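Per full-length UniProt numbering, the sequence shown starts with residue 1, numbered consecutively.
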Amino acid sequence: MPEQSYGQINDDALNPMGKPGLAYLLAIVTLAGLAGLGALCLMYQTQAGMGVTGLNRPVGWAVYITNFVFWVGIAHSGTLISAILYLMRAKWRDAVSRSAEAMTIFAVMTAGLFPLIHLGRLWAAYYIVPYPSQRELWPNFVSPLVWDVLAVTTYLTVSLIFWYIGLVPDLAAARDRYLAELGPEHLKSRIYRVIALGWSGSGTQWHHYGRSYLFFAALATPLVVSVHSVVSWDFAMSLLPGWHSAIFPPYFVAGAIHSGLAMVLTLMIPMRKLLHLERLVQMHHFEMLAKTIILTATIVGYAYAVEAFIAWYSGDVIEWQNHKWRVFGPVAWMYWLCVVCNVLIPWLFVFRRMRTKTLPLLVISLFVNLGMWFERLMIIYTSQAHDFLPHNFGRYLPTWVELTITAGSFGFFLLFFFGFTKLLPTVPLSELKGHLAEKEVVPTEACSHRVRPRLPQHRPAVLAVFSNAGRLLQAAKGCCDGGFKVMETFSPVKIEELSEVMKHAKSPVRWFTLAGALAGLSGGFWLAAGTALVNRLVVGGKPPVSWVPFCVVGFEGTILLGSLANLAGLVLFARLFRLEPHPFYDPRFSRDKFGLLISCGADEYERLKEQLAPAHPEELHVHQ
Numbered sequence: 001m002p003e004q005s006y007g008q009i010n011d012d013a014l015n016p017m018g019k020p021g022l023a024y025l026l027a028i029v030t031l032a033g034l035a036g037l038g039a040l041c042l043m044y045q046t047q048a049g050m051g052v053t054g055l056n057r058p059v060g061w062a063v064y065i066t067n068f069v070f071w072v073g074i075a076h077s078g079t080l081i082s083a084i085l086y087l088m089r090a091k092w093r094d095a096v097s098r099s100a101e102a103m104t105i106f107a108v109m110t111a112g113l114f115p116l117i118h119l120g121r122l123w124a125a126y127y128i129v130p131y132p133s134q135r136e137l138w139p140n141f142v143s144p145l146v147w148d149v150l151a152v153t154t155y156l157t158v159s160l161i162f163w164y165i166g167l168v169p170d171l172a173a174a175r176d177r178y179l180a181e182l183g184p185e186h187l188k189s190r191i192y193r194v195i196a197l198g199w200s201g202s203g204t205q206w207h208h209y210g211r212s213y214l215f216f217a218a219l220a221t222p223l224v225v226s227v228h229s230v231v232s233w234d235f236a237m238s239l240l241p242g243w244h245s246a247i248f249p250p251y252f253v254a255g256a257i258h259s260g261l262a263m264v265l266t267l268m269i270p271m272r273k274l275l276h277l278e279r280l281v282q283m284h285h286f287e288m289l290a291k292t293i294i295l296t297a298t299i300v301g302y303a304y305a306v307e308a309f310i311a312w313y314s315g316d317v318i319e320w321q322n323h324k325w326r327v328f329g330p331v332a333w334m335y336w337l338c339v340v341c342n343v344l345i346p347w348l349f350v351f352r353r354m355r356t357k358t359l360p361l362l363v364i365s366l367f368v369n370l371g372m373w374f375e376r377l378m379i380i381y382t383s384q385a386h387d388f389l390p391h392n393f394g395r396y397l398p399t400w401v402e403l404t405i406t407a408g409s410f411g412f413f414l415l416f417f418f419g420f421t422k423l424l425p426t427v428p429l430s431e432l433k434g435h436l437a438e439k440e441v442v443p444t445e446a447c448s449h450r451v452r453p454r455l456p457q458h459r460p461a462v463l464a465v466f467s468n469a470g471r472l473l474q475a476a477k478g479c480c481d482g483g484f485k486v487m488e489t490f491s492p493v494k495i496e497e498l499s500e501v502m503k504h505a506k507s508p509v510r511w512f513t514l515a516g517a518l519a520g521l522s523g524g525f526w527l528a529a530g531t532a533l534v535n536r537l538v539v540g541g542k543p544p545v546s547w548v549p550f551c552v553v554g555f556e557g558t559i560l561l562g563s564l565a566n567l568a569g570l571v572l573f574a575r576l577f578r579l580e581p582h583p584f585y586d587p588r589f590s591r592d593k594f595g596l597l598i599s600c601g602a603d604e605y606e607r608l609k610e611q612l613a614p615a616h617p618e619e620l621h622v623h624q
């Protein structure tokens, strides 16, 4: 990244949130119209019945379930980039993580529509909710379809929390900008003042925030693997040829990440150009995404080969004839389209010219999205249309209703994404500014005593302002060594070395997270076992209380309640419930300035100035 200042990063990221132009408004109207057209078709289908679709016997699942699996897969890249690559300390993820997280939220919202659309009778959806009804109708927690509801709901909730928590420091930057430009009474200023949760960038807040964000990433990482594994079990738990395969969970997870990364490129390449983010989102970031796509394309290609090998090596005549029909029969065009679009074309990224120019990147990402959609349709359709009995073989063609609703889902997704680009920062300011701070900070030894961050109200305080993270750290170390024990810092980025120098105590957020996770684990098993014992139904030859299937429920409960408790701990200890910044907060601290607030008496002021002098503070403010 070319050398930039904190203020330039701030402006480049927040400028796109200005007043929308005519072209943007026309795009919003077009996408809203497309989503509305899909909604009208859904109303028609609900009134006329599922006969208006191409579904038949034996093909009972088709385009709607294809869309569900496709959109859930698209959602996986956000968690991969935000959580897994965060834990791996891959710095190239920073510029694209915010948009990928937003894409995750909107993709899961879109995916959640299709089980309801496929259900036909939308008003019966509440049967899946576990509540003590008069008729004692409880969900069957042994069913993979119920696991799906739990997994996708948990994924949406955790992804939404993770995304919002990452936004909080950047929302504070937007809040301070609007307060300065529009005044405190403007509607925009009021809205951002509320959703920024009183963030002030104090050292205490950054300390708890850093631990909480790490725990969110740790919880989301296994979740991203589990969600599409559970989706694959919708098929793998059946006995149909082509579905009943142990390779489906890793196959689906790899395919999901593959399609999700391609969608990130598809969305971010034009977004970078239209929002003038070239200085923040660079070709290097796209190149790293392309290299990751090479890996996922290879895994998907390996899965195709293993699937064929298993069908042959198993000796199962039905399985083998199903695979040969898929590869050489009337639907072979779909199979080979998947091989070309999902494996061969993405391998073009091996050539540097193909991954360092925007046009090849965009075109190849579109091919991958096309191929992954047809892969889902191929898996879902072909196994039903060519099963065990020849007289049960069938064909399927989607109707205009299904295709229009599918197009409407893309309009629905893009409508939310376009709105996101104007309402919220599309790149993480604090993380990009953190790269500058890392260059300025020099590792320093810890103080001899622990600093207390809470300032007593009855003592005067001195606020020193710096334009450099290194000088803030130097000043904090000097004041600490000079015997000052009560101080607080303010910064637009998290500075790890500050916590070490000032010997911050370990954040108690971890205990909240642990308690929530244990409660979710025990609560998940309790819910599943208690529900099963109401009617004691034997399903699929399994006893009413089947602990192995209940592990899915326990796992989702662990992640869900662990994340909610983590959020509660962060809000409590970082004092985000006050909705007002620190009393000594300066709005410049969210943009490009750093502050050190020291509590000292009048007789200590001269000694404090001597301790601060080597760090060259730009301003000194005395608060009585």
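For each residue, glycine too, the CB sits at the ideal point set by N, CA and C.
Bear in mind that the values here come from a model prediction, so they are computed numbers and not experimental data.
Asked, Found
"Flag this pair as yes or no: are the beta carbons of residue 269 and residue 153 separated by less than 8 Å?", "no"
"Would you decide whether residue 114 is buried or exposed? Buried here means 16 or more other CB atoms lie within 10 Å of its CB.", "buried"
"Thinking residue 15 and residue 409 are a contact (beta carbons under 8 Å), I'd like their distance in whole angstroms, please.", "Not a contact, Cβ separation roughly 31 Å."
"Looking only at its chain, what residues have a beta carbon closer than 6 Å to the beta carbon of residue 305, apart from the 5 residues adjacent to it on each side?", "none"
"Mapping the DSSP letters down to three states, classify residue 674 as helix, strand or coil.", "No answer is possible for residue 674: the residues shown for the chain start at 1 and end at 624."
"Run through DSSP, which three-state label would residue 59 get?", "coil"
"Using CA coordinates, which residue listed in 239, 200 and 223 is at the minimum distance from residue 540?", "239"
"Identify every run of the beta strand (DSSP E) within the stretch 62-108, keeping only runs that are complete inside it and at least 3 residues long; order them along the chain.", "none"
"Using the Cα positions of residue 574 and residue 585, report the straight-line distance between them to the nearest angstrom.", "15 Å"
"Report yes if the C-beta distance between residue 556 and residue 530 is below 8 Å; otherwise report no.", "no"
"Residue 521 to residue 528, Cα distance in whole Å?", "11 Å"
"Report the residue ranges of all beta strand (DSSP E) runs contained in full by the stretch 455-521; include only those spanning at least 3 residues, in chain order.", "461-466 and 487-490"
"How is the beta strand (DSSP E) around residue 594 delimited, first residue to last?", "594-599"
"Report the option in 437, 75, 413 and 134 whose CA atom is closest to the CA atom of residue 228.", "75"
"Go ahead and label residue 273 buried or exposed: buried means 16 or more other beta carbons lie within 10 angstroms of its beta carbon, across all protein chains shown.", "exposed"
"Do residue 46 and residue 412 count as a contact pair if the criterion is CB distance below 8 Å?", "no"
"When the distance is taken between beta carbons, is residue 187 closer than 8 Å to residue 280?", "no"
"Specify the secondary structure class of residue 197 as computed by DSSP and reduced to three states.", "coil"
"Is residue 451 near residue 469, with beta carbons less than 8 Å apart?", "no"
"Starting from residue 619, follow its DSSP beta bridges and name the residues at the other end.", "465"
"How about residue 221 and residue 84: are their beta carbons less than 8 Å apart?", "yes"
"Since residue 398 contacts residue 63 with CB under 8 Å, what's their CB separation in whole angstroms?", "5 Å"
"If you measure between the beta carbons of residue 437 and residue 495, is that distance less than 8 Å?", "yes"
"Residue 297 and residue 249 look like a contact to me (Cβ under 8 Å); what is the Cβ gap, rounded to whole Å?", "In fact, because the Cβ distance is near 19 Å, the residues do not count as touching under 8 Å."
"Count the other CB atoms, across all protein chains shown, that sit within 10 Å of the CB of residue 177; report buried if there are 16 or more and exposed otherwise.", "buried"
"Quick check on the burial criterion: 16 or more other C-beta atoms within 10 angstroms. Buried or exposed for residue 147?", "buried"
"Whole angstroms are fine: how far does the CA of residue 94 sit from the CA of residue 266?", "18 Å"
"Can you tell me the Cα-Cα spacing of residue 293 and residue 331, whole angstroms?", "27 Å"
"Can you list, in chain order, the residues of its chain with a C-beta nearer than 6 Å to that of residue 1? Leave out the 5 residues immediately preceding and following it.", "Caution applies to residue 1, whose pLDDT of 44 falls short of 50 and renders its modelled position unreliable; the value that the coordinates give is listed next. Answer for residue 1: no residue qualifies."
"Could you name the residues that DSSP lists as bridge partners for residue 202?", "490"
"Within 10 angstroms of the Cβ of residue 19, are there 16 or more other Cβ atoms? Answer buried if so, exposed if not.", "exposed"
"Is residue 442 helix, strand or coil by DSSP?", "coil"
"So, for residue 234: in the same chain, excluding its five sequence neighbours on each side, which residues have a beta-carbon less than 7 Å away from its beta-carbon?", "144, 145 and 148"
"Look at the alpha carbon of residue 156 and the alpha carbon of residue 5, and state the distance between them as a whole number of angstroms.", "35 Å"
"Quick check: the Cα distance between residue 290 and residue 356, rounded to an integer number of angstroms?", "9 Å"
"Suppose the cutoff is 6 Å on Cβ atoms and the five residues either side in sequence are ignored; what does the same chain contact list for residue 232 look like?", "248, 249 and 252"
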